[in-house]
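Report on the following structure.
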Amino acid sequence: MKRMKLVAIPLCLAISGQAFGMDTYTWALDSGSNSSGFDSLLTENLVVVSPNRPAPSRTELNTNMESAWLGNRQTGNGIDYTALYRTRPALKSYPEGAPPPVTFENWAFVRKFVYFGGEHSSGAHVIAPDPNWVTAAHENGVKIYGTVYIDATHGNSAMVKSLIGFLTGTFPNEELESSYHIPALKNLEKIAKALKLDGWFLNIEQGFDDSTEGRQQVIQMNRLIEHIFPKFKQRGVEFITYTGDNARGIHGAVTDGNIANFGHSPLGDYGLDNATGINPAETLKLLPAGSQKDVLLYLDEVFSRNTPLGRTAPLRIQGAKATQCQYFKGSGVWPGLKEYTKAVYPKTKLRSEVLCAGADTAPAPTTVLKINVMTWPGVESRGWTVTAKNSGVRCDSSCYLEFSQGGLTEEVLEFNHPIEFQQDAQAWLGSRRDMMAWSGWQEGDPRLNLLDPLFVQYMPGFKWWEKEPRLIRGDLRDNNAQGGFVWDYAGYAQEGLRCVPVTAEQAAAHSVAQDRACIIRVPTYGTMASVPNSAVAYGPFGAFPLLNLTMQVNTEGFTYYALYEQLTAK
Numbered sequence: 018m019k020r021m022k023l024v025a026i027p028l029c030l031a032i033s034g035q036a037f038g039m040d041t042y043t044w045a046l047d048s049g050s051n052s053s054g055f056d057s058l059l060t061e062n063l064v065v066v067s068p069n070r071p072a073p074s075r076t077e078l079n080t081n082m083e084s085a086w087l088g089n090r091q092t093g094n095g096i097d098y099t100a101l102y103r104t105r106p107a108l109k110s111y112p113e114g115a116p117p118p119v120t121f122e123n124w125a126f127v128r129k130f131v132y133f134g135g136e137h138s139s140g141a142h143v144i145a146p147d148p149n150w151v152t153a154a155h156e157n158g159v160k161i162y163g164t165v166y167i168d169a170t171h172g173n174s175a176m177v178k179s180l181i182g183f184l185t186g187t188f189p190n191e192e193l194e195s196s197y198h199i200p201a202l203k204n205l206e207k208i209a210k211a212l213k214l215d216g217w218f219l220n221i222e223q224g225f226d227d228s229t230e231g232r233q234q235v236i237q238m239n240r241l242i243e244h245i246f247p248k249f250k251q252r253g254v255e256f257i258t259y260t261g262d263n264a265r266g267i268h269g270a271v272t273d274g275n276i277a278n279f280g281h282s283p284l285g286d287y288g289l290d291n292a293t294g295i296n297p298a299e300t301l302k303l304l305p306a307g308s309q310k311d312v313l314l315y316l317d318e319v320f321s322r323n324t325p326l327g328r329t330a331p332l333r334i335q336g337a338k339a340t341q342c343q344y345f346k347g348s349g350v351w352p353g354l355k356e357y358t359k360a361v362y363p364k365t366k367l368r369s370e371v372l373c374a375g376a377d378t379a380p381a382p383t384t385v386l387k388i389n390v391m392t393w394p395g396v397e398s399r400g401w402t403v404t405a406k407n408s409g410v411r412c413d414s415s416c417y418l419e420f421s422q423g424g425l426t427e428e429v430l431e432f433n434h435p436i437e438f439q440q441d442a443q444a445w446l447g448s449r450r451d452m453m454a455w456s457g458w459q460e461g462d463p464r465l466n467l468l469d470p471l472f473v474q475y476m477p478g479f480k481w482w483e484k485e486p487r488l489i490r491g492d493l494r495d496n497n498a499q500g501g502f503v504w505d506y507a508g509y510a511q512e513g514l515r516c517v518p519v520t521a522e523q524a525a526a527h528s529v530a531q532d533r534a535c536i537i538r539v540p541t542y543g544t545m546a547s548v549p550n551s552a553v554a555y556g557p558f559g560a561f562p563l564l565n566l567t568m569q570v571n572t573e574g575f576t577y578y579a580l581y582e583q584l585t586a587k
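According to my numbering, the sequence shown holds residues 18 to 587 in order.
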């Protein structure tokens with residue numbers, strides 16, 4: 018389980034200009050790997066609750082529950098599932114200024130919910146659930162756990178020793194808690210009690226090897242499991258141990274053999290990338306009839322893939338909920354988790370609200386537009402910003418707009434400086450080919466970057482946006498550089514995408530300056546069958562659906578007026 022680096026509740030969110038004052042409940046276990054400067058778990062007199070963190074949950078675990086089969090099976094209780102679920106990236110503070118919303122709706126089908134995450138180099142080794150998730154879990158009668166993350170690649174024996182401690186004294190009694198030096202575990206208990214957690218998931222994928230030290234740590238861990246962890250559990254804090262692909266001699270450890278991993282999809286399958294549905298056949302392979310796997314990993318994948326880098330709140334929330342619903346309700350050959358376990362839910366909840374919060378809609382495609390306000394290195398910037406007037410979002414560097422049928426279909430973009438329009442073009446600027454014909458320059462000429470104030474690029478999904486190599490002067494922006502993840506660049510004319518200058522009447526209606534605004538219309542679709550695919554197939558990635566757009570706003574193209582004057586005169 019190595020993919021921890023995650024890498025918008027309103028229809029769009031700005032990357033910059035947000036509040037960063039609220040910190041997450043995250044701690045470091047290894048001071049040598051703590052680039053983000055998290056507080057140390059080993060701090061004496063550890064402070065858990067503070068004014069710069071969200072207030073802890075006060076909700077106790079709901080025990081006023083009832084149970085019922087919601088599928089065709091009507092015997093037994095089924096499997097008691099534990100969900101390992103990422104709700105946000107391992108960040109020191111919330112980019113949006115507050116914890117992300119609770120988007121999980123099928124609490125009735127899991128008994129334990131592990132708030133899963135962590136990232137080694139940043140120092141995010143101990144990650145506790147956000148309070149709103151603790152409240153939601155407990156209201157629905159589900160126990161919730163934080164994670165201690167020691168990964169297989171970068172984790173080390175010293176981190177394990179810091180976590181599990183050691184026996185003290187000349188003739189220690191290993192049955193007595195007083196015989197152990199375990200400050201990390203004591204602080205984990207302190208955090209759990211302060212935040213109303215039910216325990217911790219110890220993700221330990223290093224340190225239990227066949228070396229002398231590794232064997233000693235296996236012995237120490239088994240002592241804790243046999244003698245000490247039961248004492249913590251009696252006090253209300255449970256420890257669950259995971260050790261990777263095998264138990265490594267640890268008694269009762271969760272291993273990969275217990276886990277069904279929902280975090281993968283075949284190349285060329287973009288259902289999770291775009292929140293348009295699961296792959297039923299692939300899902301059935303994860304949990305065929307009769308499977309006894311009881312740990313569900315990455316049911317959050319559709320939300321995680323639709324969370325932009327550096328954010329904690331996802332886009333496409335409704336589509337992601339409808340997609341995730343299919344894991345529980347079923348789709349095609351996949352019968353749904355409702356056939357594998359009994360639903361357990363509060364007595365105050367209507368039975369009709371238990372499965373997918375009562376929703377019965379298929380995922381509908383939405384088109385997401387990312388706006389990048391670009392500045393080339395070494396060039397003086399005039400401080401450009403773009404404001405999306407209908408959505409009320411300002412883009413200082415990047416922001417996201419979500420378009421759908423029945424929702425946002427067009428947006429008024431206002432710049433903070435006057436923008437130039439070609440006098441002999443129908444729109445702001447046409448395709449790159451049009452620009453080359455207009456200027457007489459050849460592909461690769463760095464001056465083309467100055468001519469190109471705005472161009473659009475289709476991407477397979479959010480996760481690909483940050484994998485594109487940085488463009489530099491003279492780069493060939495083409496849609497045949499498959500190995501470099503340079504995806505479909507499209508001209509407005511051929512794709513019907515334009516940012517059309519506002520008229521005087523439109524400027525007045527939207528309260529914008531006419532020389533600084535334009536209206537962009539983005540294609541939306543009612544069904545996946547109506548969504549066109551990219552013009553080029555990218556090897557094993559295939560021809561992806563055109564649902565993710567990047568609009569690059571090159572401020573150089575607006576600031577080099579002398580260049581425009583030169584071209585106009587030629």
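Glycine included, every Cβ here is placed at the ideal spot set by N, Cα and C.
Keep in mind it's a predicted model, so treat the numbers as computed, not measured.
Query	Result
Helix or strand or just coil, what does DSSP make of Arg-494?	For Arg-494, the pLDDT reaches just 41, beneath the cut-off of 50, and the residue's location in the model is therefore unreliable, leaving the point undetermined.
For Ala-201, count neighbouring C-beta atoms within 10 Å of its own C-beta (all shown protein chains included) and say buried if the count is 16 or more, exposed if not.	buried
Looking at the structure shown, is Lys-406 part of a helix, part of a strand, or coil, going by DSSP?	coil
In the DSSP assignment, find the unbroken beta strand (DSSP E) run with Asn-220 in it and report its ends.	216-221
Please work out which residues of its chain come closer than 7 Å, Cβ to Cβ, to Leu-301, disregarding the five sequence neighbours upstream and downstream, and give them in chain order.	Val-350 and Trp-351
Can you tell me whether His-137 is buried or exposed, with buried defined as 16 or more other CB within 10 angstroms of its CB?	buried
Measuring CB to CB, does Ile-167 end up less than 8 Å from Glu-222?	yes
Can you tell me where the alpha helix (DSSP H) with Pro-297 in it begins and where it stops?	297-303
Shortest alpha-carbon distance to Leu-87 belongs to which of Ala-521, Gly-347, Ala-560 and Asn-204?	Gly-347
With distances taken between CB atoms, is the gap from Lys-480 to Asp-290 smaller than 8 Å?	yes
DSSP three-state label for Ile-537, please.	strand
Identify whether Phe-256 lies in helix, strand or coil by the three-state DSSP scheme.	strand
My output table needs one value for Gln-443: the three-state DSSP class, helix, strand or coil.	The predicted model places Gln-443 with a pLDDT of 39, which falls under 50 and marks its position as unreliable, so this point remains unresolved.
Can you tell me whether Val-385 is buried or exposed? The criterion is at least 16 other CB atoms within 10 Å of its CB, across all chains shown.	buried
What are the uninterrupted segments assigned as beta strand (DSSP E) that are 3 or more residues long and contained completely in the region 297-357, given in chain order?	312-314
Near Thr-152, which residues of its chain fall below 7 Å by C-beta distance, leaving aside the five closest residues on each side in sequence?	Ser-74 and Thr-76
Is it right to say Met-568 is buried, meaning 16 or more other beta carbons lie within 10 angstroms of its own, or is it exposed?	buried
Check this for me: beta carbons of Val-605 and Val-517, under 8 Å apart or not?	A query on residue 605 cannot be resolved here, the shown segment of the chain reaching from 18 to 587 and no further.
Pull up the distance between the alpha-carbon of Glu-318 and that of Pro-189, whole angstroms please.	46 Å
Just verifying my parser: in three-state terms, what is the DSSP assignment at Ile-276?	strand
List the endpoints of the continuous alpha helix (DSSP H) containing Thr-229.	229-240
My understanding is that Tyr-357 touches Phe-279, with C-beta atoms under 8 Å, so please give their C-beta distance in whole angstroms.	The pair is not a contact, with the Cβ atoms about 13 Å apart (cut-off 8 Å).
Of all the options Gly-543, Leu-564 and Asn-433, which has the alpha carbon lying nearest to the alpha carbon of Val-570?	Asn-433
Give the DSSP-derived three-state secondary structure of Thr-99 in the structure shown.	strand
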